[in-house]
Amino acid sequence: MTIDQQQQEIIEEFSFFEDWMEKYEHIIELGKELEPLAEEHHIEDNLVKGCQSRVWLHADQKDNHVVFAADSDAVITKGLVALMMRVLNDQPAEEVAKSDLYFIDQIGLKEHLSPTRSNGLVSMVKKMKLYAVAYMAKSA
Amino acid sequence: MTIDQQQQEIIEEFSFFEDWMEKYEHIIELGKELEPLAEEHHIEDNLVKGCQSRVWLHADQKDNHVVFAADSDAVITKGLVALMMRVLNDQPAEEVAKSDLYFIDQIGLKEHLSPTRSNGLVSMVKKMKLYAVAYMAKSA
Amino acid sequence: MEDAVLIHESYDVDRLREDFPVLEQTVYGKYPLVYLDNGASSQKPKQVVETMEKYYYHHHANIHRGVHYLSQEATTQYEVARDKARDFMNAPHSREVLFTKGTTDGINLVAYSYGRKYLQEGDVVLVSTMEHHSNIVPWQIVCEEIGAKVVPIPINEAGEIDQEAYASMLGPKVRMVAVNHVSNTLGTINPVKDMIALAHQHGIPVLVDGAQSAPHLTIDVQDLDCDFYAISGHKMYGPTGTGILYGKEKWLDAIPPYQGGGEMIQTVTFEKTTYNELPHKFEAGTPNIAGGIALGAAIDYLNSIGLDRIAAHENDLLEYTTKALLEVEGMRIIGTAANKASVISFLIGDIHPYDAGTILDKMGIAVRTGHHCTEPLMNRFEIPGTVRASFGLYNTRAEADRLLEGVHKVVQLFG
Amino acid sequence: MEDAVLIHESYDVDRLREDFPVLEQTVYGKYPLVYLDNGASSQKPKQVVETMEKYYYHHHANIHRGVHYLSQEATTQYEVARDKARDFMNAPHSREVLFTKGTTDGINLVAYSYGRKYLQEGDVVLVSTMEHHSNIVPWQIVCEEIGAKVVPIPINEAGEIDQEAYASMLGPKVRMVAVNHVSNTLGTINPVKDMIALAHQHGIPVLVDGAQSAPHLTIDVQDLDCDFYAISGHKMYGPTGTGILYGKEKWLDAIPPYQGGGEMIQTVTFEKTTYNELPHKFEAGTPNIAGGIALGAAIDYLNSIGLDRIAAHENDLLEYTTKALLEVEGMRIIGTAANKASVISFLIGDIHPYDAGTILDKMGIAVRTGHHCTEPLMNRFEIPGTVRASFGLYNTRAEADRLLEGVHKVVQLFG
Ligand SMILES: Cc1ncc(COP(=O)(O)O)c(C=O)c1O
Ligand SMILES: Cc1ncc(COP(=O)(O)O)c(C=O)c1O
Chain A
834 MTIDQQQQEI IEEFSFFEDW MEKYEHIIEL GKELEPLAEE HHIEDNLVKG
884 CQSRVWLHAD QKDNHVVFAA DSDAVITKGL VALMMRVLND QPAEEVAKSD
934 LYFIDQIGLK EHLSPTRSNG LVSMVKKMKL YAVAYMAKSA
Chain B
834 MTIDQQQQEI IEEFSFFEDW MEKYEHIIEL GKELEPLAEE HHIEDNLVKG
884 CQSRVWLHAD QKDNHVVFAA DSDAVITKGL VALMMRVLND QPAEEVAKSD
934 LYFIDQIGLK EHLSPTRSNG LVSMVKKMKL YAVAYMAKSA
Chain C
92 MEDAVLIHES YDVDRLREDF PVLEQTVYGK YPLVYLDNGA SSQKPKQVVE
142 TMEKYYYHHH ANIHRGVHYL SQEATTQYEV ARDKARDFMN APHSREVLFT
192 KGTTDGINLV AYSYGRKYLQ EGDVVLVSTM EHHSNIVPWQ IVCEEIGAKV
242 VPIPINEAGE IDQEAYASML GPKVRMVAVN HVSNTLGTIN PVKDMIALAH
292 QHGIPVLVDG AQSAPHLTID VQDLDCDFYA ISGHKMYGPT GTGILYGKEK
342 WLDAIPPYQG GGEMIQTVTF EKTTYNELPH KFEAGTPNIA GGIALGAAID
392 YLNSIGLDRI AAHENDLLEY TTKALLEVEG MRIIGTAANK ASVISFLIGD
442 IHPYDAGTIL DKMGIAVRTG HHCTEPLMNR FEIPGTVRAS FGLYNTRAEA
492 DRLLEGVHKV VQLFG
Chain D
92 MEDAVLIHES YDVDRLREDF PVLEQTVYGK YPLVYLDNGA SSQKPKQVVE
142 TMEKYYYHHH ANIHRGVHYL SQEATTQYEV ARDKARDFMN APHSREVLFT
192 KGTTDGINLV AYSYGRKYLQ EGDVVLVSTM EHHSNIVPWQ IVCEEIGAKV
242 VPIPINEAGE IDQEAYASML GPKVRMVAVN HVSNTLGTIN PVKDMIALAH
292 QHGIPVLVDG AQSAPHLTID VQDLDCDFYA ISGHKMYGPT GTGILYGKEK
342 WLDAIPPYQG GGEMIQTVTF EKTTYNELPH KFEAGTPNIA GGIALGAAID
392 YLNSIGLDRI AAHENDLLEY TTKALLEVEG MRIIGTAANK ASVISFLIGD
442 IHPYDAGTIL DKMGIAVRTG HHCTEPLMNR FEIPGTVRAS FGLYNTRAEA
492 DRLLEGVHKV VQLFG
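Residue numbers (the working numbering), protein chains in the order written: chain A, 834 to 973; chain B, 834 to 973; chain C, 92 to 506; chain D, 92 to 506.
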C-alpha cells in the first residue's frame, strides 16, 4: 500500500469510533501491540528527546525503501508511533521524504503533533524524513 | 513669625486666587523676585539634583537659626523655593527640623512636592531639614 | 477541629469562583473545566483584569519624570502598588521592593549582580536538590563564568531538605544559599527561617525562591530575615510578566546594577555614568506599568479573603485528595513532607505521566505532567516525571472528586 | 499633492479616536486632554485591551510543555503573536523573534550575550551621540567589565549623524555599531540601511534601536540586513512590559544565553546543563503571555490602518505644527533633520522646559520635558532639556492648535 492508501485506511478505521475514549482505547491498543524495538537500538543516538515522553527511532535501508523501528516510554505516544510506522515504514525513501501526513489531523489527533506538545513525535517525524532524504542522496 | 504663622499667611494669600492661572502668575512673580543666590554659592556642592530642574541650596547658621539661600534654573521651581524660604528661612533649627509643611498641600501645589516630579524640591526640603538637624547636633 | 469547620463554612468558594470567568467553561465539548494546574500559573480574578482595563482606559502614561497629569497619576498608582507589595512581604522599605518580570528574572538579577560582586573562583553556591531550574541555572551561568560551583543540598525520601547535611555544608567557601520556600513539585514547605539563621551564623546570605509560597503562605521577610526573596505575579492571581524581588538595602546598595537604561541612571555621559537610588537602580527601561498596578490589585484580592483562610481551604483539599488518592492501587505520592502546601505529585504503578495527563486532559481535568522544571529532583527519585495536581483558592472537593474519577479511568485504561 | 489630500481625507481620525477611551477625558476639571507624549508611551486601543481581557477570561494557562487544553490554547495564541511580530518586522524565521520586556531589555540581552562572547579588551562599540540611555548604558556596563570602550559618533547641528565621521571610525577594533532608527528626542530618521551596509563591509554587526520607529515606519529587517533590531510594545499601541528583539539566527546561535531558568534549557543536571533551541534559549521563565498576545493585537491594529497611512497623517501634523511653532518668537527647534518622524523638541527663548511643561500640563496638554534619557545629546547642544511634543495616530490638527495656544500662554507668562 502507498503512504496515502495507508492514511486512508487509518482514517476509515478511526471513523467508526463514537468518542475520544474509544479512539484512545484503540491507540493504547496499538501502542501495546507495537513491535518491540530491539534492545540494541535503545541507545542515546536513537533517542528523540521530548520533554514529556521519549521516543527511540531506528532507521535502515532496504532497496530503495526506508525501514523504521521505534519505541516510546509512554503508551499513547507509542500508539501514535505505531500509526506513523504503518504509514511510513518500508516505503520508498522518496515517498517518505515528500509525504504529507494529513491523517493525524483527520483522525482528530492534531494536538499530539503540535510542536509545543513536547512528546517527541514532531521530532520523530522530522527525523524520519531526514533519514529518507539522506538515503535518497546516498543512492543518487 | 513662626513657621506655622508663615504657612498660614501663605495659605491666606493664595486663597484669593480664582484659578490656577492666577496662582501660577503669583508663583512666577515670586520666582522672579527671589533674592539672587551669590555667585560663589552656585557650586556643585550646593546642587540638589532633580531631573527636571535644578536647585542650589546654601545654608548657614546664625545663633540658633538656620539661614538659607537658594536658587533654581526654572522659574516655577524658584517660586516654590521662595515660598519655602519664607517659611523656613531664619527659623530656629529645632523648628525647621520638626516642621510639617502642610501649606504646599493646602494651596494646591502638592504635585510639585511629589517625589516623582524630579524638580529638586523634595530633595531640597529634605536637605534643609538635614542642615537643621546637623546644626542642632553641633550646638548641643 | 471546630475552628477548622468554621473556617471551612465561612469560606464561600462558590462566591469566589464567580470572580474567575475562565473557570466557567467546558472543554472538549462537554467537560466542565477542572483547573488543577495552579502551580504552573493561577487564574486571574475580575478585580485584577478590570484594574488593568481601568488603567489603560483612564490613566496610562509612561511613569517617573513626567510632568503631566497622566504621568503623575500613573506613577502614583505604580508606586502605590509597590507599597502594597512591601506590605504583602512585610518589607521594611519600599526601596527594597523591586518590580521584576517574575521569579526567574528576580533570581537572575541577584545571581548576576551579587555573583559578580561577591563570588570568586572556588566559591560555592548551595541550592537544594528540589530547586526549580530557575534557581539553579542562573547560578550555574555566573558560577561557570567565575569558576565557582553550584552544590546541591541533599533531600530525604519524603522530599525534605536534609538539615544535618545542610549544616555540615556551610563553610567559608559558601557565598550564597538559594532555596525555595515551597517546592513546586513536592509541595514541601521548607524551614527557611531556621536555614537562614544557620547560614547567617556563617555570614552567608540567603535567597528564598518564593514563587510557590506567595499564593499560599504569609510572607514576612523581616521575620525570616532573608537577604533576598523572589516571587511571581502570575502564580498569585496577578498578571503575567510581573514579579517582585525583595532585597535587603545593604545588598542592593552594595551590588552593581543589572540592566542598564533609562530610569536607572543618575547622569549619563560617555565618560562616566552614575546610577540612580533604590529601587530605580535596578529598574531599567519602561516597566510593566499596567502589570505592576494589577499585581497590586491581586494583593488586595488575596488580603480581602485572607491568606490564612485560603491556606485552610487548600489544606482541606490537600488532605481530602491525598487520602482518596492513596486508596488507588499502585499509587505513589512523590513528596510526603510533614509540612506541605497544596501540591500533589503522583505516579500510578508504571503508568507514564504523559499517558495519565493526556487522559485527564481529555476529561477536562488540567494537571501538569513532566519534570516540572526540576530535573535534578526527578533524577534523585529516579522517575521520568510526575502527574501534579496543585490547588488554588477556587478549587473544590467536587473538583477533587473529578480528579479521582479521572485517575480511576487512567488506571482502567493503562493498568 | 492630490494623493496627499486623498490619504488625508480617507484617514478618519475621529473614528480611530473612538478606539482609545483614555483620550476622552478632561483633566484639571475643564481641559480636554491633548496627549502629545506618544514618544514616551502611546495609548492602547480597545482591541488591545480586549484581547488581554479575553485571554484572561477564557484561555489563560502557563505555556509550552503543558499537555492540557488551556495550556495548548495559550501556547498557540502566544506563538501566533510571535508570527505576527515576525511578519511585522519581515524577519525570516519566528525563531529569530524573541519576546522581551521592551527595547531596554532587548538591548541588554545583546550587550550581555554578544558582548561576553565577542568583546575583548581594547575593543570599541560605536553608538551615536543621539542614543537613548538604553542604548548607551548596557554597552558601558559590559565594556567596563571587559575593558572595551563605548565611543560616540558625532552629529551635526541639524541632529543628523555625521556620516563621514562614522565611515572614518569603522575599523578593526570596532565590534558593534548600535544606533537608533528614529531619535526619540530629535525625530531624526537615521539612514540605518546605509550605515549597516558600511559596517558590514568591515565585518561589524549592527544593532538597531527601533523603539521609536516601530509605531511610525515599516520595518524590514531583511531589507535593512541588520543583525539585531529591538522594539517596545508600549510605544506601538501595545501593552507595557512587552517587546521584541529580532536577531539573526547565526548570532543567536553563537552567543550564550542571557537569563537562566525554565523554558530555556534542554536538560539540567548539576554537572551539565544544555540549552534549548531558538527562540526558547533566550526566553527564561514564564513570559508575559497576555502581554505578548496583546502585542499581536496591536500589530493587527496597526496593519488594519496601515503604517503608510499613519505616517502620512503624522507627517501632516509634523509639518503643520513645525510651521506654526516657528512663528513664535524665540522658537528654537532642536532637531531639524531632513528626514524626520513626528517628534518636535523645542525651546522658547530662555524659558526653562520645566516651566513650559508645567503650564502646558495645566492646560491639559501632555508633553514631555527634560533630557528624554538622552543626556549626551543635551550636552552636545548645551541645553538643559527640551519640551517635546510627539504625535500618534490619533492626534489631530485641532490638538496641534491647542499646543500652540499653550505655547503662546507660556510665552506670555515667562517671556
Ligand atoms: C530611542 C529609544 N530607545 C530605547 C527606549 C527604551 O524603551 P523602553 O523604555 O520601552 O525599554 C526608548 C524609550 O524611551 C527610546 O525612545
Ligand atoms: C519554585 C519555583 N521557582 C521559580 C519558578 C519560576 O517562576 P517564573 O516562571 O514565574 O519566573 C517557578 C515557576 O514555575 C517555581 O515553581
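Every residue gets a Cβ at the ideal spot worked out from N, C-alpha and C, and that includes glycine. The structure presented is a predicted model; accordingly, all values stated were derived computationally and were not measured.
*asked:* Considering just the uninterrupted stretch of the beta strand (DSSP E) at C:ARG459, what are its terminal residues?
replied: As a position in the third sequence, residue 459 of chain C is number 368, starting the count at 1. Its beta strand (DSSP E) spans residues 459 to 461.
*Does the distance from the CB of D:LYS326 to the CB of D:GLN350 come in under 8 Å?*
Position 235 of the fourth sequence, counted from the start, is the residue given in the question as residue 326 of chain D. Position 259 of the fourth sequence, counted from the start, is the residue given in the question as residue 350 of chain D. In this structure, D:GLN350 does not lie closer than 8 Å to D:LYS326 by Cβ.
_Does any residue of chain D have a CB that is nearer than 8 Å to the CB of A:GLN885?_
As a first step, residue 885 of chain A is located in the first sequence; it is residue number 52 there, counting from the start. Taking Cβ atoms only, chain D reaches closer than 8 Å to A:GLN885, which makes this a yes.
*Pick from C:ARG479, C:ILE456, C:TYR445 and C:GLN313 that is closest to C:ASP492, judged by C-alpha positions*: The residue given as residue 492 of chain C occupies position 401 in the third sequence. Checking every option, the nearest Cα to that of C:ASP492 belongs to C:ILE456.
*Looking at C:HIS37 and ligand 2, is the gap between the Cβ and the nearest heavy atom below 7 Å?*
Chain C is shown only over 92 to 506; residue 37 of chain C falls outside these bounds and no answer can be derived.
*Do you know how far the Cα of B:TYR968 is from the Cα of C:SER133?*
Taking the first residue of the third sequence as 1, we reach residue 133 of chain C at position 42. Taking the first residue of the second sequence as 1, we reach residue 968 of chain B at position 135. One C-alpha to the other measures close to 55 Å.
*Backbone CA spacing between C:ILE424 and C:ILE435 [nearest angstrom]*: The residue you call residue 424 of chain C lines up with position 333 of the third sequence. The residue you call residue 435 of chain C lines up with position 344 of the third sequence. Cα to Cα, the separation comes out at about 7 Å.
*Going by beta carbon distance, what residues of the same chain come within less than 6 Å of D:VAL68, once the five residues before and after it are set aside?*
Chain D is shown only over 92 to 506; residue 68 of chain D falls outside these bounds and no answer can be derived.
_Boundaries of the alpha helix (DSSP H) in which A:SER956 is found, first to last residue_ = Taking the first residue of the first sequence as position 1, residue 956 of chain A is located at position 123. Counted as a single uninterrupted DSSP element, the alpha helix (DSSP H) harbouring A:SER956 occupies residues 954 to 972.
*Minimum C-alpha distance to D:TYR328 - residue among D:THR276, D:LEU369, D:ASP105 and D:VAL113*: For the purposes of this step, residue 328 of chain D is taken as residue 237 along the fourth sequence, with counting starting at 1. For the options D:THR276, D:LEU369, D:ASP105 and D:VAL113, the alpha carbon positioned closest to that of D:TYR328 is the one of D:VAL113.
*Which residues of chain B have a Cβ atom closer than 9 Å to the Cβ of D:LEU504, listed in chain order?*
Within the fourth sequence, numbered from 1, the residue matching residue 504 of chain D stands at position 413. Those within 9 Å of D:LEU504 in chain B are MET854, TYR857, GLU858, ILE861 and VAL908.
*Go ahead and pull the three-state DSSP assignment for B:LEU863.*
Stepping through the second sequence from its first residue, residue 863 of chain B is reached at position 30. Here B:LEU863 sits in helix by DSSP.
*asked:* At the level of alpha carbons, what is the spacing between A:LEU934 and A:GLN840?
replied: By one-based count along the first sequence, residue 934 of chain A stands at place 101. By one-based count along the first sequence, residue 840 of chain A stands at place 7. The alpha-carbon atoms of A:LEU934 and A:GLN840 are separated by roughly 8 Å.
*Since D:VAL69 is in the beta strand (DSSP E), which residue starts that stretch and which ends it?*
Because chain D in this structure spans residues 92 to 506, residue 69 of chain D falls outside the shown range and cannot be described.
*If you check the beta carbons only, do A:ALA930 and A:VAL955 fall under 8 Å apart?*
Working through the first sequence from its first residue, we reach residue 930 of chain A at position 97. Working through the first sequence from its first residue, we reach residue 955 of chain A at position 122. No, they are not a contact pair.
*Rounded to whole angstroms, what's the CA-CA distance from C:LYS341 to C:HIS463? Just pull it up for me.*
Along the third sequence, one-based indexing puts residue 341 of chain C at 250. Along the third sequence, one-based indexing puts residue 463 of chain C at 372. Near 34 Å, if we compare the C-alpha coordinates of C:HIS463 and C:LYS341.
*Just confirm the distance between the C-beta atoms of A:THR910 and A:SER886, as a whole number of angstroms; I'd bet it's less than 8 Å.*
Sequence index remark: in the first sequence, residue 910 of chain A carries index 77 (1-based). Sequence index remark: in the first sequence, residue 886 of chain A carries index 53 (1-based). About 4 Å; that satisfies the 8 Å criterion.
*Under 8 Å between C-beta atoms, does A:SER951 make it to chain D?*
Walking along the first sequence from the start, residue 951 of chain A turns up at place 118. True, the Cβ-Cβ gap to chain D drops below 8 Å.
*Does the Cβ of D:ASP314 lie closer than 7 Å to at least one heavy atom of ligand 2?*
For the purposes of this step, residue 314 of chain D is taken as residue 223 along the fourth sequence, with counting starting at 1. Outside the cutoff, so no.
*D:ASN271: beta carbon under 7 Å from a heavy atom of ligand 3?*
Ligand 3 is not among the ligands present in this structure, which contains only ligand 1 and ligand 2.
*May I have the straight-line CA-CA distance separating D:GLN138 from C:ILE322, to the nearest angstrom?*
Taking the first residue of the fourth sequence as 1, we reach residue 138 of chain D at position 47. Taking the first residue of the third sequence as 1, we reach residue 322 of chain C at position 231. About 30 Å.
*For D:ARG106, which residues does DSSP report across the bridge?*
Reading the fourth sequence from its first residue, position 15 is the one you call residue 106 of chain D. For D:ARG106, DSSP records no beta bridge to any residue.
_Distance between C:GLU418 and C:VAL171 (C-alpha atoms, nearest Å)_ = In the third sequence, counting from the first residue as 1, residue 171 of chain C sits at position 80. In the third sequence, counting from the first residue as 1, residue 418 of chain C sits at position 327. C:VAL171 and C:GLU418 have their C-alpha atoms some 49 Å from each other.
*chain D partners of C:GLU144, CB-CB under 9 Å?*
Translated into the one-based positions of the third sequence, residue 144 of chain C becomes position 53. VAL140, GLU141, MET143 and GLU144, listed in chain order.
*Tell me whether D:SER225 counts as near ligand 1, meaning its Cβ is closer than 7 Å to at least one heavy atom of that ligand.*
Residue mapping note: residue 225 of chain D aligns to position 134 of the fourth sequence, counting from 1. Flag set: Cβ of D:SER225 near ligand 1.
_Whole alpha helix (DSSP H) elements within the segment 255 to 292 of chain C, 4-residue minimum_ = With a minimum length of 4 residues, the continuous alpha helix (DSSP H) runs that stay inside the segment 255 to 292 of chain C are 283 to 292.
*Got a sec: is the Cβ-Cβ distance from D:SER204 to anything in chain C below 8 Å?*
Here residue 204 of chain D is taken as the residue at index 113 of the fourth sequence, counted from 1. No, D:SER204 lies away from the interface with chain C (no Cβ there is under 8 Å from its Cβ).
*Please find out if some non-hydrogen atom of ligand 2 comes closer than 7 Å to the beta-carbon of C:PRO131.*
The count along the third sequence starts at 1 and reaches residue 131 of chain C at position 40. Per the sequence shown, the amino acid found at residue 131 of chain C is Ala instead of Pro. Yes, the beta carbon of C:ALA131 sits closer than 7 Å to at least one heavy atom of ligand 2.
*Going by the beta-carbon positions, is the gap between C:THR333 and C:LEU386 smaller than 8 Å?*
For the purposes of this step, residue 333 of chain C is taken as the residue at position 242 of the third sequence. For the purposes of this step, residue 386 of chain C is taken as the residue at position 295 of the third sequence. Yes.
*How far does the alpha helix (DSSP H) with D:LEU438 in it reach, from first residue to last?*
For the purposes of this step, residue 438 of chain D is taken as the residue at position 347 of the fourth sequence. The continuous stretches of alpha helix (DSSP H) do not include D:LEU438, which lies in the beta strand (DSSP E) extending over residues 434 to 439.
*At a Cβ cut of 7 Å, what residues of the segment 428 to 449 of chain D count as close to chain B, listed as they run along the chain?*
For the segment 428 to 449 of chain D, residues whose beta-carbon sits nearer than 7 Å to a beta-carbon of chain B comprise HIS443, TYR445, ASP446 and THR449.
*Closest Cβ-Cβ distance between A:GLU944 and chain D: below 8 Å?*
On the first sequence, residue 944 of chain A is found 111 positions in, with the first residue counted as 1. A:GLU944 counts as touching chain D.
_Let me check you understand the geometry: is the CB of D:GLN303 closer than 7 Å to at least one non-hydrogen atom of ligand 1?_
What you label residue 303 of chain D is simply residue 212 of the fourth sequence in a count that begins at 1. With a cutoff of 7 Å, D:GLN303 counts as near ligand 1, since its C-beta is closer than that to a heavy atom of the ligand.
*Burial state of D:PRO136 (16 or more Cβ within 10 Å)*: Your numbering for residue 136 of chain D matches position 45 in the fourth sequence. By the neighbour-count rule (16 or more Cβ atoms within 10 Å), D:PRO136 is buried.
*asked:* Can you look up C:THR358 in the DSSP assignment and give me helix, strand or coil?
replied: Stepping through the third sequence from its first residue, residue 358 of chain C is reached at position 267. Note: C:THR358 maps to strand in three-state DSSP.
_Cβ separation of D:ALA432 and D:VAL273, assumed to be a contact under 8 Å, to the nearest whole Å_ = Here residue 432 of chain D is taken as the residue at index 341 of the fourth sequence, counted from 1. Here residue 273 of chain D is taken as the residue at index 182 of the fourth sequence, counted from 1. The pair is a contact, with the Cβ atoms about 5 Å apart (cut-off 8 Å).
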